[in-house]
Amino acid sequence: MSFFAILLALMLDQARPLGRDNPVYEAMRGWARWTRQTLDAGQTHHGWLAWWLAVAAPALGAMAVYWALWAIHGLLAFAWMTLALYFTLGFRQFSHHFTAIRVALESGDEAGARAALARWKGADVADGPREEFLRQVIEHSVLAAHRHVFGVLVCFVVFAALGLGPAGAVMYRMAEHLSRRWAAQSADEHSDASRQAARGGWHAVDFLPVRATALAFAVVGNFEEAIANWRQERMASPSNDGLLLAATAGAMNVRLGGQSAAAGGPDWPGSDQRAPQLAHLASAVGLVWRSVVLWLLLLALGMLARFW
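Counting in my numbering, the sequence shown runs from 16 upward without gaps.
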């Protein structure tokens, strides 16, 4: 059931992508805003209470609906899983930004590409060397692919295997939303308690998914260099994002950032010979799609093994 739910959700996302202002996302933002305003009184435990309620309540609600529908008919439960995945996955929510940047660069409109990246990131993109700009595009694209596709899939599969339906996908999407919204707001609006809880909670929720994504990139890319970079970044920094970028750099044979490099630490092996080029954007697309195919293949094999 999980395999077909994922496949159908991905097809729906490609055929009819969701807008950023749809009612479900508005409800999610309103719920997160209400929990923070109501429960965050400035103490550390208040911040964690607000975070737990904001994340757990939607996940438990999705699980309860799944169980209720399963008691009525399995097809209703399947439809609910597919719908939940459709709203938590977001392949087209980032791919059109990437496509706009790539088309602008291929047509020679670097200013337009920089403007497109600024709109995507929601922040100004500093003028600098072309290689630095391409590095930012690749990094932001890889992180977006993980957070909108692979991270959701990992949590969904794990929780669905435990009989919890789409609870994992909902939990991951809420935790990722809080990590962006709560951390981005200034200290004048709210206390630091919920901001720190959002960061710590997101690191814990994303711990397993980011490593699963990094491993998938290594399998479909340059495995040896991806694992070597992974080990070096792990010793230099505990950052989930840095680990994923390190594995991606090795898998694509391109120099990217990472926490250790940003802090002035040692570069990954051979990074001086791997400056980002325009062709690496196509390599990034190929890496993501091969990883999607790998995931679907593994799920299909698991389904066949179950019914063997």
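Just so it is clear, CB atoms sit at the ideal spot from N, CA and C, and this is done for glycine as well.
Asked, Found
"For I153, count neighbouring Cβ atoms within 10 angstroms of its own Cβ and tell me buried if that reaches 16, exposed if not.", "buried"
"Scan the segment 207 to 271 and note each continuous alpha helix (DSSP H) run of 4 residues or more that stays entirely inside, going in chain order.", "207 to 220, 222 to 235, 238 to 251 and 255 to 267"
"For I190 versus V220, is the C-beta distance shorter than 8 Å?", "Position check: residue 190 holds Ala in this sequence, whereas Ile was assumed. Their beta carbons are under 8 Å apart, which means A190 touches V220 by this criterion."
"Within the chosen definition, does the segment 306 to 323 reach the segment 245 to 258 through at least 3 CB pairs nearer than 8 Å?", "no"
"When DSSP labels each residue in this structure, what does L313 get in the three-state scheme?", "helix"
"Would R289 be called buried (16 or more neighbouring beta carbons within 10 Å of its own) or exposed?", "buried"
"Determine contact between the segment 23 to 32 and the segment 98 to 114, defined as no fewer than three beta-carbon pairs at a distance below 8 Å.", "yes"
"Taking the alpha helix (DSSP H) that F113 falls in, what are its first and last residues?", "F106 to E121"
"Using DSSP with H/G/I as helix, E/B as strand and the rest coil, what is R31?", "coil"
"In whole angstroms, what separates the C-alpha of W66 from that of D207?", "12 Å"
"Smallest Cα separation from W304: which of L258, V157 and W95?", "V157"
"Using three-state DSSP, classify R195 as helix, strand or coil.", "helix"
"In whole angstroms, what separates the C-alpha of H161 from that of A227?", "10 Å"
"Under 6 Å Cβ to Cβ from A212, same chain only, skipping five residues before and after it: list those, please.", "G62, W63 and W66"
"In whole angstroms, what separates the C-alpha of A42 from that of A262?", "35 Å"
"Can you name the start and end residues of the alpha helix (DSSP H) that V169 belongs to?", "G166 to A176"
"Buried or exposed, going by whether 16 or more other CB atoms sit within 10 Å of the CB of V225?", "buried"
"Is the beta carbon of V394 sitting closer than 8 Å to the one on A74?", "Not covered by the structure: residue 394. The range shown for the chain is 16 to 323."
"Starting from the C-beta of M78, find all residues in its chain whose C-beta is less than 6 Å away, skip the five residues before and the five after it, and write them out in chain order.", "L179, G180 and A182"
"Can you grab the Cα-Cα spacing for the pair F148 / W310, in whole Å?", "30 Å"
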